[in-house]
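Asker: So the number in this note's numbering is just where the residue sits in the sequence shown, counting from 1, plus 8.
Pasting in a structure now, in structure tokens, and then I'll have a few things to ask.
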Amino acid sequence: MIGALKRVAGLVNTATEWAAGLLAMFFTGLLIVSVFSRYVFDISIVTGVEMTRIAFCWSAFLAAAAVVARGGHIRIVVGVSMLPPMGRLVIHRFVCLVIIAFGLTMTWYGYSLTMRMMPTFLPAMQVSQAWLYAALPVSGVLIVLHGLVQLFEPAPDFNPVEEHLS
């Protein structure tokens with residue numbers, strides 16, 4: 009069961025990283041084209057700002073979920089690295105539970121916000137603002153998935169002294 013969940017999470021994370029990267033390239037390119045056309049040709053791409061905002065938000069929240077999947081979030085390892093293996097495991101599991109709780113909170117409130125924004129529209133594109141806010145619950149679900157996978161993995165072995173010396 010855990011092996012299957014880990015494989016699914018790995019595939020989902022690969023797709024998430026690709027989507028975040030492509031969205032980042034899209035909004036960067038669109039922003040460059042928008043600024044260039046505005047200042048060189050005096051032509052404004054009206055929907056450019058809104059599309060850039062949507063792509064940026066989705067890229068940022070998807071990347072946040074990918075960082076959780078890779079275990080790249082901020083850690084304070086100095087005290088934890090001095091604990092015995094069982095102590096490190098307890099801390100690791102606690103951190104995973106906090107990550108899962110955070111993801112569930114993002115999902116719950118993100119869904120609520122997305123539903124509340126459904127009837128409002130972006131002025132230039134005339135699409136629902138829910139497209140912008142839906143990044144929150146989607147990212148929250150991904151964070152919960154990756155947190156669950158990490159919950160059943162062994163605690164990582166950190167040695168902060170060696171990491172800074174190498």
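Beta carbons are placed, not taken as given, at the ideal position from N, Cα and C, and that holds for glycine.
Does the structure place the region 58 to 71 close enough to the region 136 to 149 that three or more beta carbon pairs sit under 8 Å?
Answerer: The region 136 to 149 is in contact with the region 58 to 71.
Asker: Taking the beta carbon of Q158 as the centre, do at least 16 other beta carbons fall within 10 Å, making it buried, or is it exposed?
Answerer: That one is buried.
Asker: Alpha carbon to alpha carbon, what distance is there between P92 and F34?
Answerer: 47 Å
Asker: Look at the alpha carbon of Y47 and the alpha carbon of A132, and state the distance between them as a whole number of angstroms.
Answerer: Y47 and A132 have their C-alpha atoms roughly 20 Å apart.
Asker: Here's the rule: buried if 16 or more other CB atoms are within 10 angstroms of the residue's CB, otherwise exposed. What is G111?
Answerer: buried
Asker: Counting only the same chain and skipping the five closest in sequence on each side, list residues whose C-beta sits under 7 Å from that of A28.
Answerer: S67, L70, A71, A74
Asker: What are the boundary residues of the alpha helix (DSSP H) that includes H100?
Answerer: 93 to 125
Asker: My output table needs one value for F129: the three-state DSSP class, helix, strand or coil.
Answerer: In the structure shown, F129 sits in a strand (DSSP, three-state: E or B).
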